[in-house]
Structure formats: C-alpha cells, structure tokens
Amino acid sequence: MRPSIPVPVLVGLLVGLSGSLRLQAQEPESAFRIPTTNPHAVVLQQIAGTEVEIDYHRPRVRNRTIFGGLVPYGQVWRTGSDNATRIRFSTPVSVGGKRLGAGTYELFSIPGETEWTIIFQEVQAQWGSYSYDDSKDALRVSARPEALAGAVESFTLALDDVQRASATLALTWDRVRVPLTLTVDVRETVVPQLEELLLTAERKPYFLAAMFYFEHDLDMERAAELMEAALAQNPGHIGMLHRQALILEKKGDIEGAIAAAERSLAGAATSPPELREEYTRLNTALLERLRGPRSR
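Start counting the sequence shown at 187; every next residue gets the next number (the numbering used here).
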C-alpha cells in the first residue's frame, strides 16, 4: 500500500506553505508542566510532501567536556537527554542514502572522533539508552562530524538547508556538528496523490500541479498539459502565460515559449503599474534568452 498524504497537506505543499502540525502532548494543553533541567523541544518541518517531527530534550554543556567525556566515544548515546529522542516521518525517506520506511523511530547514536553511527530504532518507549537492544534497529548510517569554531551551549537537533525534496538533519552540541542528508522521492510520495487530487477535486488545481511538475523537473509534457488546462480556466492570465513560457522552454518548444512570453508581455502593457513593471521585466529578459541562439 502506498503512503497516503492527506489532501490538506498536499494542497499546502503545492502553494508553498507548510501545513501547521499539532503536537500530540501526553498531557492536556492546560496542564502545568514543571520546568526540567533539560528543556523539552519539538522540531516540525515539511520536506516536499513529507512531514518530519523530532521530539527531544536539550541538555547544556555547563562547562563540561562533552564528547569523549560526558558522552563517551564508541558507546550508544540517547542523542539528547531524558526520554529517548523520537523522530517521525510521514512517508518513506532516504537517510544518508539508505531507505527508511514511514513511521516513528527512537534516535540513538554512537559518537566517534572521526565517524558517528546514527541509529533509527523501533519505538521502545525507553528512558535514555539503558535498555538499548540492537536487534530492534531499523537502520544504521554513518556520518562524519564537523568541528565548529564556536561552542553551542544547548544540544540542538535541526533540519537545515531545506530544499524541494531534501534537507540536512543536523546534530550540534559543544564544538561538534554531525550532518545527515534526508531525501524524499517525490515520484513515490507526491505524484500519485497529486494525480488523484486532479481527478477528484471540484476545482482542479491545474496551475499548482503544473508548477510542481516543472519545479521538480519531473515531466515537462505533463507540466505543459496542466498549464494549458490552467489557462483554459484563466484565459490571458499574464502570470500563467509567463510560466507556460518557462515550461515550454524547458520542454524544448522554443517557438511555443516565445509565443507565450509575447502574450504575457502584451497583457502586462494593460495591467496595473506594479504588475506591468514586473512582467515587462520578466518577459523581456525571457524573450532575450529565447531569441538569443536564433539570432546568432
């Protein structure tokens, strides 16, 4: 069974907005929580159509020797403090080049001076790593630590360098940063749901779907087809015409791209000042690029 992306999440993805995720707390929102030594933190991030959630606690350096001291080299570490750190993926992902299925995992690591092992394990509701059992490991990957110029006081797990279908899971503490690449296969996780939405939605999101195909370099024939349908819904829309030109350029239809850009430029001439300025500039630059090789 393929992983299912909820329609609201998919729509939020297409318009470039991250859907808000609700933390599933163990206590009612109104319940008072006694502050702890190592504050609780949650990281929420959307990568393509995939939701990633990290739930962990953040110890501080407090003038201690961390790696090779408080956290020994060569031993399994809870990768945080208190409860075992948890990480959830709403779809399958690739971690450090290895596939990991959708689901929630406990995150452990084995620090080393020149190489770390990052471990994703089935959820055991563990406190720390005292009852760690490697037979429950779902995935192990290697990562190389990087030395930092300055110290980071609070242990930090973050999703950095978020791209269209990838991000860096970064562990940072004291003077060490350990990066690990996460990637999402949008053909597997998004395209089937997108095509289903195009069949079932009352108002077909042709423009958003066309731009998704275009921006992810998936299928320019399909992108062009969807943009044509979008323009049938919105005849003469200068923004859509400009993007149709970009799609046709990438598809290799230079004549069609020039025609679309010229139509967008003509429409810009009768648009309000701000739109006129923007689309005159965009289409003029595009037409110069499209006509350049033809005039040589």
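We treat Cβ as the ideally placed atom computed from N, Cα and C, and that holds for glycine.
Nearest to residue i (by Cα), restricted to the options the options
| i | options | result |
| --- | --- | --- |
| Val362 | Thr251, Ala416, Thr290, Pro225 | Thr251 |
| Leu293 | Glu239, Val376, Glu374, Leu383 | Glu239 |
| Arg449 | Pro459, Glu460, Thr470 | Thr470 |
| Ala445 | Met426, Val247, Pro459, Glu460 | Met426 |
| Val337 | Asp360, Tyr318, Ser352, Ala351 | Correcting the residue identity first, residue 337 is Ala in this sequence and not Val. Among Asp360, Tyr318, Ser352, Ala351, the Cα nearest to that of Ala337 belongs to Asp360. |
| Arg429 | Pro458, Tyr392, Ser457, Glu460 | Tyr392 |
| Phe400 | Ala335, Glu388, Met413 | Met413 |
| Asn224 | Ser340, Tyr465, Glu460 | Ser340 |
| Asp164 | Ala396, Pro365, Thr290, Glu407 | Residue 164 lies beyond the residue range present for the chain, which begins at 187 and ends at 482; the question has no answer from this structure. |
| Leu472 | Leu384, Pro459, Gly282, Ala431 | Ala431 |
| Ala418 | Gln312, Arg389, Leu468, Arg467 | Arg389 |
| Gln261 | Asn269, Leu385, Ser295 | Ser295 |
| Asn420 | Gly453, Val376, Arg248, Ile433 | Gly453 |
| Val327 | Gly282, Val348, Gln310, Asp371 | Gly282 |
| Ser280 | Val376, Asp371, Glu441, Tyr465 | Asp371 |
| Glu435 | Glu474, Thr290, Val229 | Glu474 |
| Gln349 | Glu382, Ala387, His402 | His402 |
| Leu468 | Ala217, Leu451, Pro458 | Leu451 |
Beta-carbon spacing of residue i, residue j below 8 Å
| i | j | result |
| --- | --- | --- |
| Glu299 | Tyr242 | no |
| Thr184 | Phe275 | Past the boundaries of the shown model lies residue 184; the chain is included only from 187 to 482, so the question cannot be answered. |
| Ser317 | Trp263 | no |
| Pro245 | Ser267 | yes |
| Leu476 | Ala443 | yes |
| Ile233 | Ala353 | yes |
| Leu343 | Arg373 | no |
| Leu357 | Leu345 | no |
| Ile433 | Ala409 | yes |
| Ile424 | Leu384 | no |
| Leu312 | Ala270 | In the sequence on display, residue 312 carries Gln and not Leu. The answer is yes: Cβ separation under 8 Å. |
Rounded Cβ spacing between residue i and residue j (contact assumed at less than 8 Å)
| i | j | result |
| --- | --- | --- |
| Pro278 | Arg272 | At roughly 18 Å, the Cβ-Cβ gap does not stay under 8 Å, so Pro278 and Arg272 are not in contact. |
| Thr369 | Ala351 | 6 Å |
| Phe306 | Ala324 | 5 Å |
| Pro365 | Glu332 | 7 Å |
| Glu308 | Arg330 | Glu308 to Arg330, Cβ: 26 Å. No contact. |
Limits of the beta strand (DSSP E) - the one that residue i falls within
| i | result |
| --- | --- |
| Lys284 | 284 to 286 |
| His243 | 236 to 243 |
| Ile233 | 226 to 233 |
Per DSSP, cross-strand counterpart(s) of residue i
| i | result |
| --- | --- |
| Ser328 | Thr303 |
| Asn269 | Trp313 |
| Ser280 | Arg285, Thr369 |
| Ser340 | Arg246 |
| Glu292 | Arg272, Gln307 |
| Asp360 | Val338 |
| Ser457 | Paired residue(s): none; Ser457 is not in a bridge. |
| Ala353 | Leu368 |
| Asp323 | Gln307 |
| Val257 | Phe253 |
| Ala333 | Val362 |
| Leu345 | Leu355 |
Residue range of the unbroken alpha helix (DSSP H) whose run includes residue i
| i | result |
| --- | --- |
| Arg408 | 406 to 419 |
| His428 | 424 to 437 |
| Gly453 | 440 to 454 |
| Ala395 | 392 to 401 |
| Gln379 | 377 to 386 |
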